[in-house]
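Asks:
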Amino acid sequence: MTLRASERIPYRIKGFQLTRDDYTSYVGRRKQLFRNNEVLWVALKHGGVLWQLAMEEAPEDFVTSGPSSRVTEVGGCYKTEDGDELWDEMLTDDQMEVICGVYKVERAEDAS
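When you read off a place in the sequence shown, starting at 1, and then add 166, the result is the number in our numbering.
1) Measuring alpha carbon to alpha carbon, tell me which residue in Gly194, Tyr269, Arg273 and Glu223 is nearest aspartate 259.
2) Roughly how far, in whole angstroms, is the beta-carbon of leucine 252 from the beta-carbon of histidine 212, given that I think they are within contact range, below 8 Å?
3) Using 8 Å as the threshold, is the C-beta distance between isoleucine 175 and alanine 209 below it?
4) Threonine 185 by DSSP, collapsed to three states: which one?
5) With glycine 241 as the anchor, note down where its beta strand (DSSP E) starts and where it stops.
6) Over what stretch of residues does the alpha helix (DSSP H) that includes glutamate 263 continue unbroken?
7) Which same chain residues end up closer than 7 Å to valine 237 when comparing Cβ atoms and leaving out the 5 residues on each side of it in sequence?
8) Ignore the nearest five residues each way along the sequence and tell me which others in glycine 241's own chain have a CB closer than 8 Å to its CB.
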């Protein structure tokens, strides 16, 4: 699976200093990711920091729209005790990290 540019975690060398441009870039990546209604909807349902950041992009009632038709492709399945399958979309780890502003930074042993 190929990640879209908005879903790639930025990589920085050890010792880098964040700048205003880094923050602006992060906000742009986050907004681009939230243009995908599936991602926005799941982030709103997720709660916590992800919900708070998603609320900047959509009204709260957006979450009541229900799962998309692609739920079995991009979601997870929960099985009840009766054996029923309940499907719901899920965010990937990369999507959650982009939304929260994660950067991957070179470690000391990587630099040598």
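Each residue gets a CB set at the ideal place from its N, CA and C atoms; glycine is no exception. For clarity, every value in this text was computed on a predicted model and none was experimentally measured.
Replies: This is what the structure holds:
1) The residue with the shortest Cα to Cα distance from aspartate 259 is Tyr269.
2) So it is not a contact: roughly 16 Å between Cβ atoms.
3) Cβ distance not < 8 Å, so isoleucine 175 and alanine 209 don't count as in contact.
4) Note: threonine 185 maps to coil in three-state DSSP.
5) Annotation for glycine 241: the continuous beta strand (DSSP E) segment containing it runs 241-245.
6) Counting along the chain, the alpha helix (DSSP H) containing glutamate 263 begins and ends at 259-266.
7) Same-chain partners within the cutoff: Trp253, Asp254 and Glu255.
8) Pro233, Trp253, Asp254, Glu255 and Met256.
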